[in-house]
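Report on the structure given below.
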Amino acid sequence: MDEGARQDARQGRRAIDLYLNIILLVFVAATGIAAVWLRNLLASAMVLGIYSLLMAGLWVVLDAVDVAFTEAAVGAGVTTVLMLLAIALTGREEKRVRTRPWLPLAVSLGAAGLLVYATLGMPDFGAADAPAQTHVAPYYLERGEAETGVPNVVTAVLASYRGFDTLGEVTVIFTAGMGVLVLLGSATRRRRKAPTSAKEDSA
Amino acid sequence: MDILTHFNYWAAIALATIGLYAVVARHNLIKKLIGLSLFQTAVFLLFITIGKVTGGTAPILDAAYSLYSNPLPHVLILTAIVVSVSTLAVGLALAIAIKRDYGTVEEDEIHDADSAAGTGGEE
Chain S
1 MDEGARQDAR
11 QGRRAIDLYL
21 NIILLVFVAA
31 TGIAAVWLRN
41 LLASAMVLGI
51 YSLLMAGLWV
61 VLDAVDVAFT
71 EAAVGAGVTT
81 VLMLLAIALT
91 GREEKRVRTR
101 PWLPLAVSLG
111 AAGLLVYATL
121 GMPDFGAADA
131 PAQTHVAPYY
141 LERGEAETGV
151 PNVVTAVLAS
161 YRGFDTLGEV
171 TVIFTAGMGV
181 LVLLGSATRR
191 RRKAPTSAKE
201 DSA
Chain U
204 MDILTHFNYW
214 AAIALATIGL
224 YAVVARHNLI
234 KKLIGLSLFQ
244 TAVFLLFITI
254 GKVTGGTAPI
264 LDAAYSLYSN
274 PLPHVLILTA
284 IVVSVSTLAV
294 GLALAIAIKR
304 DYGTVEEDEI
314 HDADSAAGTG
324 GEE
């Protein structure tokens, strides 16, 4: 009897997970469309922040709690700040351009059609016997704690098994930081050196 | 039920389509970068969806649970989120540099300025 009640509770939780997943995905898609649709870039950046926060909620529903932390801090936080900085320097209104959107629309929808066709061969959502679940992941889950001493398997894989991957990530961040400094530093120096030509340009 | 088993994949494709459309169709460079980040999150969604196991829990080992979701996509996407912010920062820095040199971030005006100056090497 007790076992049956627990079974029922588990079933109910799974159903709630599925509904939450679908509702969040609908909201995410709506905010995504809004972020592209809006002409005011400031509003667009705000909507993108909401989009990232909804995504963080979605990651929790999909059991990726570490990704949710990172998305909330980096996606909703840092990205929004970077966007606002860039918009402050480049102007907040998008120009209204008369173009025919039919070719880009056809290209994107064509690509979407091909991708939907490809998903028909994908395993069902949440299937425990999918190929992705049967190769290296069971090894990490069974031996991870014994071999690294960390109960959080994501941390164990990130810092230990795939440590070189993380080193590569740090290299990418370093390179990006250097790139930003070089790009913005040179632009300000040029403007400071040649104030007359800058004035001519704006006149 | 058949729709529910593939709904997440199709949502990821929808987001990727919105992002791709913004990158191709919009003329504002900042808006193109917004489209690019939408496309990136679509890829994240695809990976995390593949890692989800029905009835599983977050891959933090505990005696009370026996079924966990796949930790590997989470690790890959953690890395990818940080890398995506780095690439976005470089893209925004490029947009700011273009704004300083051309006075605009609208693609058609940049092309006009290039052809007017006779320095547009690409076309």
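If you read the sequences in order, they're chains S and U.
Take 1 as the starting number for the first sequence in this note's numbering and just add one per residue.
Take 204 as the starting number for the second sequence in this note's numbering and just add one per residue.
Think of the CB as a built atom: it goes at the ideal place given N, C-alpha and C, for glycine as much as any other residue.
- Interface with chain S (7 Å Cβ-Cβ cutoff): S269(U) is excluded.
- Residue contact with chain S for A228(U): present (Cβ-Cβ distance below 7 Å to some residue of chain S).
- Residue-level contact check: M122(S) touches chain U, since one or more beta carbons of chain U fall below 7 Å from its beta carbon.
- With a cut-off of 8 Å on Cβ pairs, the stretch 29 to 38 of chain S is not in contact with the stretch 62 to 73 of chain S, counting fewer than three such pairs.
- A residue is called buried once 16 or more other Cβ atoms fall within 10 Å of its Cβ, and M83(S) is buried on that count.
- For D129(S), the nearest beta carbon of chain U is not closer than 7 Å to its own beta carbon.
- A76(S) is positioned such that its CB atom lies closer than 7 Å to that of L53(S).
- With distances taken between CA atoms, L241(U) lies nearest to A219(U) out of T257(U), G306(U) and A219(U).
- Put simply, of G238(U), L207(U) and Y224(U) the residue whose alpha carbon is nearest the alpha carbon of I23(S) is L207(U).
- For E310(U), the three-state secondary structure derived from DSSP is helix.
- N152(S) sits in a strand when the DSSP states are folded into three classes.
- Out of K255(U), Y305(U), A298(U) and L281(U), the CA that lies nearest to the CA of A127(S) is found in K255(U).
- Excluding sequence positions up to five before and after G258(U), its CB lies within less than 7 Å of the CB of L270, all in the same chain and listed in chain order.
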